[in-house]
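Encoded as structure tokens, the structure appears first; notes follow it.
Laid out in structure tokens, this is it:
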């Protein structure tokens with residue numbers, strides 16, 4: 143079951159944002175989620191974008207991050223791609 147979410151990182155450049163996304167990806171990959179007597183393991187694919195200048199708006203940033211997300215999924219999942 144795929145779910146989407148948005149994480150906003152103010153005052154963060156692209157390299158820093160990719161680093162945060164990669165740490166999140168690794169943390170989720172390595173965590174075992176327990177539910178009743180069941181252990182669940184997950185992976186996550188992430189797309190990262192940043193605000194390039196004053197002309198970028200939220201819709202453009204989300205579209206760019208979504209493009210990165212689909213690159214990650216189409217490249218085997220459990221990856222981080224920036225757009």
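Residue numbers (this note's numbering): 143 to 225. Here a beta-carbon is modelled for each residue, glycine too, at the ideal position from N, C-alpha and C.
In this structure, the straight-line span from the alpha carbon of residue 199 to that of residue 163 is close to 21 Å.
It is roughly 11 Å from the alpha-carbon of residue 212 to the alpha-carbon of residue 190.
For residue 206, the closest alpha carbon among the candidates 221, 217, 178, 193 is that of 193. For residue 182, the enclosing beta strand (DSSP E) stretches over residues 180-183. Per DSSP, the unbroken beta strand (DSSP E) holding residue 188 starts and ends at 188-190.
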